[in-house]
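What follows is a set of notes on a single structure, which appears directly below.
In our numbering, the protein residues as written are 74 to 387.
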């Protein structure tokens, strides 16, 4: 039996389904979670389907998670976790209180979990996996589902620039586009920036540092956010700010969070950075990963760790 058929049968078995994803969500977390919710609601309209997790303002155009009330809702539920490699980063720690736990993920399976685990690093994104699941099960795909899934694929693949792109990627995307959602509108919404954000980007680029070992990094402090009236949940917009800078192999973005901790975004031009993210309590892909740290002293340690990674790869 194929994994697509297995998952379909599990979904059909449960009347209540709760879909979770990782903390500090990105486009793929939203795309895989909210896309799967829409697919299940469309094809199994009598089921109760919930998607819980932190709402991020700059991703509001992709959809809105449900409001979590209490853990009792997990009783007798099928719990599906998308786009999350390890349990510590699941954005609701009641994930294990359901009747069955299903993992759908494209990150390296460093910490296996779940009663059934579909992990495949050969997909660009968990969103592509969800789209492929729909295609292989001949599910109806609404324009709403197609848009959010396509958005997840697009963001996690860097607009199809990162590694992992296969013919299947475009076959899934073609099927999504066939639903008739407005691709042009989606791209406009994704990449439109206000003047203050563009001005902030200029300051961040001007303040960027590059080490002797080709590690670039920027630090987004509270004072700069206040100057440009930037909300905390918009910090994720700057992770690829240095991607076109010549002469760097790894670039890191450190952004202050509302709780005083720091969001760390790791990116590279081919060197693996996901193990570095795991070392600091995070995770992610080979060339795109993230973590949360306590202070800027730890940030400087991370820069030194990145320097060492490049030295080891020389």
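Beta carbons: idealized from backbone N, C-alpha and C, even for Gly.
query = Can you check whether the CB of residue 256 is closer than 8 Å to the CB of residue 104?
reply = No, the Cβ-Cβ distance between residue 104 and residue 256 is not below 8 Å.
ask   = When the Cα atoms are used, what is the spatial distance from residue 366 to residue 92?
value = 27 Å
request  = Please state whether DSSP places residue 141 in a helix, a strand or coil.
outcome  = coil
query = When DSSP labels each residue in this structure, what does residue 97 get in the three-state scheme?
reply = coil
query = Where do the ends of the alpha helix (DSSP H) carrying residue 77 lie?
reply = Segment 76–86, the alpha helix (DSSP H) holding residue 77.
ask   = What's the call for residue 289, buried or exposed, on a 16-neighbour Cβ count within 10 Å?
value = buried
key: Per-residue DSSP class, three states only, for residue 242   = helix
task = Measure the C-alpha to C-alpha separation of residue 117 and residue 266 and round it to an integer number of angstroms.
result = Distance between the alpha carbons of residue 117 and residue 266 is about 38 Å.
task = Can you tell me which of 249, 321, 253 and 331 puts its alpha carbon nearest to the alpha carbon of residue 299?
result = 331
ask   = Are the beta-carbon atoms belonging to residue 90 and residue 150 less than 8 Å from one another?
value = yes
inquiry  = Check whether the stretch 137–154 and the stretch 268–277 touch, using three or more Cβ-Cβ pairs below 8 Å as the test.
reply    = no
message = So the candidates are 236, 249, 182 and 166; which of them puts its Cα closest to the Cα of residue 200?
response = Residue 200 has its Cα closest to that of 249, out of 236, 249, 182 and 166.
query = Taking one C-beta from the stretch 149–167 and one from the stretch 97–115 each time, how about it: are there three or more such pairs within less than 8 Å?
reply = yes
message = Taking the alpha-carbon of residue 88 as reference, which of 308, 173 and 138 has the nearest alpha-carbon?
response = 173
ask   = From the DSSP output, which residues share a beta bridge with residue 121?
value = 89
inquiry  = Between which two residues does the alpha helix (DSSP H) holding residue 384 run?
reply    = 369–386
query = Enumerated in chain order, which unbroken segments of the alpha helix (DSSP H) with a length of 4 residues or greater are wholly contained in the stretch 232–296?
reply = 240–250, 256–264 and 268–280
task = Determine the contact status of residue 287 and residue 325, defining contact as a CB-CB distance below 8 Å.
result = no
First through last residue of the beta strand (DSSP E) which encompasses residue 325 = 323–329
task = Select from 139, 96 and 185 the residue whose C-alpha is nearest the C-alpha of residue 110.
result = 139
task = Look up residue 175 in the DSSP assignment and give the residues it is bridged to.
result = The partner list for residue 175 (beta bridge, DSSP) reads 153 and 189.
query = To the nearest whole angstrom, what separates the beta carbons of residue 107 and residue 136, a pair I think is in contact under 8 Å?
reply = 4 Å
ask   = Shortest alpha-carbon distance to residue 387 belongs to which of 343, 373, 371 and 353?
value = It is 343.
ask   = Is the beta carbon of residue 347 less than 8 Å from the beta carbon of residue 364?
value = no
key: Residues that DSSP places opposite residue 339 in a beta bridge   = 325 and 362
request  = Could you say which of 242, 115 and 218 lies nearest to residue 254 if we only look at CA atoms?
outcome  = The residue from 242, 115 and 218 with its alpha-carbon nearest to that of residue 254 is 218.
ask   = Below 8 Å between beta carbons: does that hold for residue 229 and residue 198?
value = yes
message = Distance check for residue 353 and residue 376, CA to CA, integer angstroms please.
response = 12 Å
task = Could you check the C-alpha separation between residue 202 and residue 358 for me, to the nearest Å?
result = Answer to the nearest angstrom: the Cα atoms are 15 Å apart.
Sequence-distant residues of its chain with Cβ nearer than 6 Å to residue 163 (five each side left out) = 93, 154 and 157
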